[in-house]
Structure formats: structure tokens, C-alpha cells
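Protein chains: 2
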Amino acid sequence: MSDLHKPNRRAVLAGGAAIAAGSAAYAGAPDPLITETRDWAKSLGDGVDATPYGLPIRFEDDVIRRNVEWLTADTISSINFTPIHALDGTITPQGCAFERHHSGAIELAKQDYRLMINGMVDRPLIFTYADLERFPRENHVYFCECAANSGMEWAGAQLNGAQFTHGMIHNMEYTGVPLRSLLEEAGLQTAGKWIFVEGADASGNGRSIPMEKALDDVLVAFKANGEALRKEHGYPVRLIVPGWEGNMWVKWLRRIEVTDQPVESREETSKYTDTLADGRSRKWTWVMDAKSVITAPSPQSPIAHGPGPLVITGLAWSGRGAITRVDVSLDGGANWQTARLAQPGRKMAMSRFYLDIDWDGSDMLLQARAMDDTGYVQPTKTQLREVRGLNSIYHNNGIQTWWVRETGEAENVEVS
Amino acid sequence: MSDLHKPNRRAVLAGGAAIAAGSAAYAGAPDPLITETRDWAKSLGDGVDATPYGLPIRFEDDVIRRNVEWLTADTISSINFTPIHALDGTITPQGCAFERHHSGAIELAKQDYRLMINGMVDRPLIFTYADLERFPRENHVYFCECAANSGMEWAGAQLNGAQFTHGMIHNMEYTGVPLRSLLEEAGLQTAGKWIFVEGADASGNGRSIPMEKALDDVLVAFKANGEALRKEHGYPVRLIVPGWEGNMWVKWLRRIEVTDQPVESREETSKYTDTLADGRSRKWTWVMDAKSVITAPSPQSPIAHGPGPLVITGLAWSGRGAITRVDVSLDGGANWQTARLAQPGRKMAMSRFYLDIDWDGSDMLLQARAMDDTGYVQPTKTQLREVRGLNSIYHNNGIQTWWVRETGEAENVEVS
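Read top to bottom, the protein sequences are chains A and B. Numbering of the first sequence is given in this note's numbering, commencing with residue 123 and proceeding in unit increments. Numbering of the second sequence is given in this note's numbering, commencing with residue 123 and proceeding in unit increments.
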């Protein structure tokens, strides 16, 4: 950019790269945006009555959920993607958090809401929404990732943008009641080893969850990022199953049956299982393994300036625990640098990472590689395919590559 | 409520209160909301194209910012309040985070944005928005509280709701560049002891900040809760001054002048100073001291059920550091119980607290009292008035009382 200075040696910041941004205020032609009084400094702006509930400014109207027409062409079973390429930080605003439903988003009022617990309990119970509000609550930030996130990439680099390759994920602060409290209230019997959870929508979307998880950290949640769940995220109540695939986070939660064995429903047999090269399928692959993606630069967020200081940023998460480290490669995995985590990793929550570099203007093969507190290291796509073959659509947590060209534009590619 | 059981001894949970929620599924008349197939389980809901940017469901349309007509009757200088009585957790969604402007919310596009740093620097600089994006970024959750929050309460209990008494506050995850980096880039001179910061709106809203704070934790932020700032919060760039009064968090940030002394602008002399009983005024009262409020039950969130398990919840924060403890009184300050913090306190960020009680159905005088990691204890209103008199409108962090009646309704009162 013409108004950028060359790097100067005085301003040596983190990472050793000199920052060249800014222009001398009084060098060259005066900038009328500074020297002249603009309209917005001469007249009144909007009063506080303008927006009782505020929306993004019109200039940001491209920061929206998007779908892929050919992926889910009907409204019965559909999905859209979080615009992670345009976000920063770790919290996903509800308004642009991806949605996935099997029979559409239903409208269910609080007064019509009921949650039944039945099966192997001493006392089958029906809870109203107001009942749930009387149990002790917890708050936790957790990511929710669809098992099929990055699923199209099993067949090679296909979708050109982080929103589409990795956007079936969001990360929100949930408020809810531990499921453990409700099961204890119903008098959980010792023979009960599983629960089967169902939604109130037409799909039902039933899933079996082992009792150990149900009694550990599962929440029956009614708020996300402080306010009520959005309709498309299961208003008024959804299940939160930290670190486990999003399909188990049943929306419009209607029924929890305590059983002595799993139900083996459609959603955990013909769907949400991983068919291997030899035709056998892995099942009960609930945990979302450690994964990361560079959100900028990326195909939808090209570099908008020339050589010099460049912020590389992205997201990392692990269903097994906390992210402890993210490495970034500029050359397709030959060399790695450890990125800076914006905060210490939190269990089953997204971490934001940054790598501040002095870009020389040549093309790059950008990759990120996540590690978690169990010692797990995110694999390459090649490593994944060697073990899993090419039949699956779920649980692709392979390392993503963006080819960033000299122009700053980026493209989804694979390196061997 | 008729469908609640009496407490049973088996289900003894945190706090020792037995939870009675839920009803026996097969006792009494069947509940058609469980036994009959409802419309929402028989037909398709909305597809993912319905809301590229999602909004709250229509049933939540009372969870909005509100103003008080008589408080700021013009659009030139106006404020509204966060509906904290209806929120939970700690994150405030941008859409319902309070706004305060001195000349209205202006519309300023990124390409028209400039930030000038001048004064006692080696190299005056003008930054474009794209320039700012090239500096190393940080993420932090911070609260922003207007100095006048609870200001009407100096004159006694007046506004009947936590939204109005304590709603000039929000708590968001910010992404931005440390101001330190920009000052270093400009070549800060050792004689520079203060900065004067101005907005691009007609009010300018200029404030002086000592250099020690400017170099410590002040951020030049462009995102909140992951996405761009809303127009009313200073899009595209605002200043974040952690723990200090909201008026210093200059929106539409336009200019930072490095000076050797404070400017003593209107906003820090005739306004945002605290006039004492003897007519003298305290100035440079930047820090927002430790404070708390019970958000539910409260006048806008009455108890919707009879005696038995009741969740009391609220928010606490301190501009001096992290909240370490919150106590709750049911009897106007005679006896106190330590509440449960939902997370360990974070510096200059909101904490959510809960007290789970077995309500006997009698009336209560509910109070919360916050403590921070400096040892500061939130004072009573009486204690505050003894020191500050009644002339001030700012910095009222006295303990709030809600009188909760047997009906569950609550009212703003004071106890001596």
C-alpha cells in the first residue's frame, strides 16, 4: 500500500517483525479524511431508540451463514456454515453460528416445552421449562462441531473457503443444568448404563450416550452467550455434550430414556459411523479429535496488502481436552513455528492462535497443526486416509492447506 | 405450581436444598404435551436459508435494550440499558448491550476510517483500518460500565428493575491491538505522560488517560464477541480501557494526542467528576469499584413458582481486578451466605454467581456484596453517602436491595 512506510528498526515487536503500518501525517498530500471535517462530525447520529435489539452494520452484511447448494439440496436435511473466515476471538455470535437440522428448525414456545425422563428410573418425571430453572446452573464455553465438518475434504480439496471446509462449528458460553441433577432427581437405577435422547422435531434425532458421559459434563442448556438459544439452535432447550459430535447435542430436547444398552438408532448405525476401506464401520466415534484451521489468510480472506507485517490467525479445538499448542507452517509442512495462543486452552473450547510474520511476498503453503493436553497431535490428511480409507464422510480432522499466492489470494489445495 | 412434588429426601443437591421439580409422568391426568403428537413433530420446520443472520425467536422480543424517557429526553445525549434481568452467564450479546452516545451513533465505513497519533511522538502517524489489522492482536473479555450506572440511586430507590438500576454495563470478548504497539510505532517521547483520545462523532468525547494505563492494558479494538463492533458501539474501532469508566472507551476512535499533561476537557471537569457535599469535586475517578447486583429474582424477573428450590443469581465485577467472592443476604444485610461463582473471577470481567436456596415462601430483602482480589468490599449505600454526599451522579457502587414478597414479585427498596 502506498501509504505504508518501510519497516523501521526501532519498532521491534513480538516475533521480531518490524511493523510498518501507518503513514506520516504531514508527509505527502494531506488526507482529507483527517484534515477535513466530515459529515459524521457535523450532524447527529442515531438515537438509542433506533435499535432495541441491535444488528450488524450494513457494511458487514457478507458476514453471514452460507450453505452449499449441492451438499444438501432439500430443506428436510440441511446445514449451513459459520463465517469463521471473517470472525476473530473465540466466541461465535449466535446470529452467525452454523445450523444443522434433520427436519427443519421448529418453533416451540416455553409454555409448550416438556422434558420427560423415563426408563430405568425410580420415578419417571416430566419437567416444564420453569422446573428446569429451579435446578442449580452451570456456565461453560464449549465448541459444537458437526461430525461431518470437513467431510467433503476426504475426497480432496474441494470447497474454497474456511467457512465451507471448517465452518460446521461454533463456540458459545452455555448456561444450563447438569443432566446428572435431573437423572438423580428421577432416581437413576444402577442397571441404567446408557441414555437415549430425543428431540421434539419430526426427525427426533435419537442418540445413545453412555451413562459415564451423561453423569460427567453433559448439560441441559437454555442459554447461549447470555441469551435464550436461537430457534435454529433448539430453543428453548438443547443438550450439550462437550467435545462430542454435534449430532448428539439434541435440539428441542424432549425425552431421555435410561436403558441398559444402546438403542443403535438410525443416527448411530447407518449415519454417523465411519466406513473403512474394507467395508467395516467404526461406530461410537463420538469424540471430535484435535483440529485446527487458519481462518485468515484464507480463500475468503485474502491478504489485502503487500509484503511486510502479516497476522496469520486461526482456531484450534479438541474434544479430548484443552489445546496446548498450535504450530504453523508456511511451506506445506516442511518447517513449523509455534503460534501464540490468545488465551490458555480451555477444555472442549476453541482456542484462537496468532502467528505474526514479516511476509516476504512470496507464495506460501499455509498449514496449522493442533496439539491437546492428552499429547494428541493433529494428523495429516494422508495419515488419516491410510488408516480410515476414503469411504467416510465424518471425522476428518486432517491438516488443511491454503496456497497463498504473491497476490495475496488463497486457494484450497493438498500437499502430499 | 400444581405439578410440583414436595421435596423428597433422596435428591439432596448442592446447598442442601431438595429439588422438587418435575412431575410423575403417569400420575394424575396425562399431559397432552407429552402424550400427543404435536404439530411440530409432524411437519418440517424452517430450512437453513431462512436466516443467514439469525435473530432471537419472537417469544423473546421483550429481551431488548430499553431507555428511560425522563432520564435522557433528547437524541443528542442518550442512553439505553442492557436487559441484564433476562440474561444469564457472563457474555453480553452485542444486540442487547447498552449504548450511550453524546451525539448519536454515526455510520463510518472501514474505508473512511483513519486513526491519527500526534503530539509528543517522533513520527506522527495516520493508520487506516487495514493498517491496524497488521499489528499483533490480543483477545480479552472485559466489562464496560458507564460511570453513571446506578446514578439515579444516589437519591434513593427509584427505578424498578435491574435493567434500569444496573444495566449500563456489558461484558464482551474483544479483539484488538494493544495501544502500546501503536504508540511505540509512532516513537513515543519520554516527555509524553498523558494521552488525549477523541472520537470521530460530533461530540468528539475527548478524554485524558495517563500514560501508565495507556501502555498497560488499553486496546484499540475492532471486534466484540468475534464479529465486528456494532455501529452503536463505535464501528469500526473503539478504545477499550479495562476497568475504567465507559466514557473513556472512546467510540469511532479518531485521534490520540500524546501530551505532557491532561487536557482537562469538558468530559473530565464539568462532567464525569464527583461533586461532594461541600461542593468540591473528586476528579480522575476512573476506576469502577467492585459492584454486584442480583439479576433474578428482581422486579422484572419475579419468582414464578411457590416455595421450594429457588435459584438466586446475579453479576459481580471490579475495575481493580478479579472478583474473588460474592455474598448474598436474604434479610437486608443481617446475615450473609457465600454464593457460588460460576467460574474463577477474571480481571476486569464480569462474574456470574448463584445461590441455590430452599425458599420458605416468606418475603426477603435480597442483597449481594462483591469482593475483589485487592480485598475491596462493596459498600452499602449509606456508607457511600457518608463519604460522598448526595451531589454526585457517578460511581454509585452501593449494595442494591430487592424486596421480594410472598407472591414472588420484587421491588427496588433501600434498607437503612
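We put the CB at the ideal spot given by N, CA and C, even for glycine. What you are looking at is a predicted structure, and each value in this text was computed from that prediction instead of being measured.
Practice problem: Within 10 angstroms of the Cβ of residue 524 of chain A, are there 16 or more other Cβ atoms? Answer buried if so, exposed if not. | Solution: Position 402 of the first sequence, counting from 1, holds the residue named residue 524 of chain A. Flag for residue 524 of chain A reads buried.
Exercise. Compare the C-alpha of residue 292 of chain A against each of A:476, A:336 and A:367 and name the closest.
Key: Locating residue 292 of chain A in the first sequence gives position 170, where the first residue counts as 1. Selected option, being the one with the closest Cα: A:367.
Practice problem: Say whether chain A places a C-beta atom closer than 8 Å to the C-beta of residue 164 of chain B. | Solution: Stepping through the second sequence from its first residue, residue 164 of chain B is reached at position 42. For residue 164 of chain B, the answer is yes, since a Cβ of chain A falls inside 8 Å of its Cβ.
Self-check item: Sheet register partners of residue 296 of chain A (DSSP bridge)
Solution: What you label residue 296 of chain A is simply residue 174 of the first sequence in a count that begins at 1. For residue 296 of chain A, which the question treats as bridged, DSSP gives the partners A:262 and A:346.
Exercise. Would you kindly work out how many angstroms separate the C-alpha atoms of residue 511 of chain B and residue 270 of chain B, rounded to a whole number?
Key: Within the second sequence, the letter at position 389 stands for residue 511 of chain B. Within the second sequence, the letter at position 148 stands for residue 270 of chain B. Using only the alpha carbons, I get a separation of about 16 Å.
Quiz item: Got a sec: is the Cβ-Cβ distance from residue 419 of chain A to anything in chain B below 8 Å?
Solution: Along the first sequence, read from residue 1 onward, the residue named residue 419 of chain A stands at position 297. No - not a single Cβ of chain B is within 8 Å of the one on residue 419 of chain A.
Quiz item: Residues of chain B with CB under 7 Å from residue 476 of chain A, in chain order?
Solution: Within the first sequence, residue 476 of chain A is the residue found at index 354, counting from 1. Within chain B, the residues near residue 476 of chain A are 258 and 259.
Quiz prompt | chain B contacts made by the segment 332-359 of chain A, where a contact means CB separation under 9 Å | solution = Interface annotation for the segment 332-359 of chain A against chain B: 344, 345, 346, 347, 348, 349, 350, 351, 352, 353, 354, 355, 357 and 358, criterion Cβ-Cβ distance under 9 Å.
Quiz item: According to the neighbour-count rule (16 or more other Cβ atoms, all chains shown, within 10 Å of its Cβ), is residue 277 of chain A buried or exposed?
Solution: Taking the first sequence and counting its residues from 1, the one referred to as residue 277 of chain A is at position 155. It is exposed - the Cβ of residue 277 of chain A has fewer than 16 other Cβ atoms within 10 Å.
Self-check item: Whole-angstrom distance between residue 290 of chain B and residue 273 of chain B, CA atom to CA atom
Solution: Within the second sequence, residue 273 of chain B is the residue found at index 151, counting from 1. Within the second sequence, residue 290 of chain B is the residue found at index 168, counting from 1. Each residue's Cα considered, the two are about 10 Å apart.
Practice problem: Tell me the start and end of each unbroken beta strand (DSSP E) in the segment 473-516 of chain A that is at least 3 residues and wholly inside, in chain order. | Solution: Those beta strand (DSSP E) runs which fall completely within the segment 473-516 of chain A and span 3+ residues are 473-481 and 486-494.
Exercise. Could you have a look at residue 408 of chain A and say whether DSSP puts it in helix, strand or coil?
Key: If you number the first sequence from 1, residue 408 of chain A lands on position 286. Coil, per DSSP.
Quiz item: Nearest to residue 398 of chain B by alpha carbon, out of B:515, B:189 and B:212?
Solution: For this step, residue 398 of chain B is matched to residue 276 along the second sequence. Closest by alpha carbon: B:515.
Quiz prompt | 8 Å Cβ cutoff, residue 179 of chain B in contact with chain A | solution = Within the second sequence, residue 179 of chain B is the residue found at index 57, counting from 1. It does; some Cβ of chain A falls within 8 Å.
Practice problem: Put residue 303 of chain B into one of helix, strand or coil per three-state DSSP. | Solution: Counting from 1 along the second sequence, the entry for residue 303 of chain B is found at position 181. The answer is helix: DSSP assigns residue 303 of chain B an H, G or I state.
Practice problem: May I ask you to report which of helix, strand or coil DSSP gives residue 203 of chain A? | Solution: Translated into positions along the first sequence, residue 203 of chain A becomes position 81. Correct three-state label for residue 203 of chain A: strand.
Practice problem: Sort out for me which residues DSSP pairs residue 222 of chain B with in a bridge. | Solution: For the purposes of this step, residue 222 of chain B is taken as residue 100 along the second sequence, with counting starting at 1. Beta-bridge pairing links residue 222 of chain B to B:201.
Quiz item: In the structure shown, what three-state DSSP assignment does residue 156 of chain A receive?
Solution: Taking the first sequence and counting its residues from 1, one reaches residue 156 of chain A at position 34. Here residue 156 of chain A sits in helix by DSSP.
Quiz prompt | Counted within 10 angstroms of its Cβ, other Cβ atoms place residue 373 of chain A as buried (16 or more) or exposed | solution = Reading the first sequence from its first residue, position 251 is the one you call residue 373 of chain A. With 16 or more other Cβ atoms within 10 Å, it is buried.
Quiz item: So, is the C-beta of residue 288 of chain B closer than 8 Å to a C-beta in chain A?
Solution: Walking along the second sequence from the start, residue 288 of chain B turns up at place 166. No, residue 288 of chain B lies away from the interface with chain A (no Cβ there is under 8 Å from its Cβ).
Quiz prompt | chain B contact residues for residue 118 of chain A, given Cβ-Cβ distances below 7 Å | solution = Residue 118 of chain A lies beyond the range of chain A shown here (123 to 538); nothing can be said about it.
Quiz item: Are there 16 or more other CB atoms within 10 angstroms of the CB of residue 417 of chain B, so buried, or fewer, so exposed?
Solution: Position 295 of the second sequence, counting from 1, holds the residue named residue 417 of chain B. Counting C-beta atoms within 10 angstroms of its own C-beta, residue 417 of chain B has 16 or more neighbours from the protein chains shown and is therefore classed as buried.
Quiz item: By a C-beta neighbour count over all protein chains shown, 10 Å radius and 16 as the cutoff for buried, is residue 191 of chain B buried or exposed?
Solution: Mapped onto the second sequence, residue 191 of chain B falls at position 69. Residue 191 of chain B should be labelled exposed.
Quiz item: Where does residue 402 of chain B land, buried or exposed, given buried means 16+ other C-beta within 10 angstroms?
Solution: Working through the second sequence from its first residue, we reach residue 402 of chain B at position 280. So residue 402 of chain B ends up on the exposed side.
Exercise. Determine the burial state of residue 300 of chain B: buried for a count of at least 16 other Cβ atoms within 10 Å of its Cβ, exposed for fewer.
Key: One-based indexing of the second sequence puts residue 300 of chain B at position 178. Buried, because 16 or more other Cβ atoms sit within 10 Å of the Cβ of residue 300 of chain B.
Quiz item: Of all the options A:332, A:440 and A:259, which has the alpha carbon lying nearest to the alpha carbon of residue 319 of chain A?
Solution: The sequence position of residue 319 of chain A within the first sequence is 197, counting from 1. The candidate whose alpha carbon is nearest that of residue 319 of chain A is A:332.
Quiz item: For residue 492 of chain A, which residues in chain B fall below 9 Å Cβ to Cβ?
Solution: Mapped onto the first sequence, residue 492 of chain A falls at position 370. Here the premise fails: no neighbours, minimum Cβ distance about 17 Å.
Quiz item: Thinking just about the alpha-carbon of each residue, which of B:203, B:169, B:167 and B:336 is nearest to the one in residue 175 of chain A?
Solution: As a first step, residue 175 of chain A is located in the first sequence; it is residue number 53 there, counting from the start. Ranking the options by Cα distance to residue 175 of chain A, first place goes to B:203.
Exercise. Within the same chain, show all residues whose beta-carbon is closer than 6 Å to that of residue 233 of chain B, passing over the 5 residues directly before and after it, in chain order.
Key: Within the second sequence, the letter at position 111 stands for residue 233 of chain B. Contacts found: none.
Quiz item: Which residues in the same chain as residue 528 of chain A place their Cβ atom closer than 8 Å to its Cβ, once the five residues preceding and following it in sequence are excluded?
Solution: As a first step, residue 528 of chain A is located in the first sequence; it is residue number 406 there, counting from the start. Excluding positions up to five away in sequence, the list reads 483, 484 and 485.
Quiz item: If you draw a straight line from the C-alpha of residue 371 of chain A to the C-alpha of residue 345 of chain A, how long is it?
Solution: In the first sequence, residue 371 of chain A corresponds to position 249, counting from 1. In the first sequence, residue 345 of chain A corresponds to position 223, counting from 1. The straight-line gap from Cα to Cα measures roughly 14 Å.
Exercise. Output yes if chain A places a C-beta closer than 8 Å to the C-beta of residue 131 of chain B; else output no.
Key: Residue numbering aside, residue 131 of chain B sits at position 9 when the second sequence is read from its first letter. Any reading at residue 131 of chain B is ruled out, since the residue's pLDDT is 30, under 50, leaving its predicted position unreliable.
Quiz item: With which residues is residue 118 of chain A paired in a DSSP beta bridge?
Solution: The question about residue 118 of chain A has no answer here: the residues shown for chain A are numbered 123 through 538.
Practice problem: Evaluate the contact criterion for the segment 253-267 of chain A versus the segment 428-437 of chain B: three or more CB pairs, one atom per stretch, below 8 Å. | Solution: For the pair of segments examined, the segment 253-267 of chain A was found to touch the segment 428-437 of chain B: the number of CB pairs separated by less than 8 Å reaches three.
Self-check item: Closer than 8 Å at the beta carbon, the chain A residues around residue 388 of chain B
Solution: Numbered from 1 along the second sequence, position 266 holds the residue referred to as residue 388 of chain B. Neighbours of residue 388 of chain B on chain A: none; closest Cβ ~16 Å, over 8 Å.
Quiz prompt | Contact list for residue 185 of chain B against chain A, beta-carbon separation under 9 Å | solution = In the second sequence, residue 185 of chain B corresponds to position 63, counting from 1. Here the neighbours are 175, 349 and 350.
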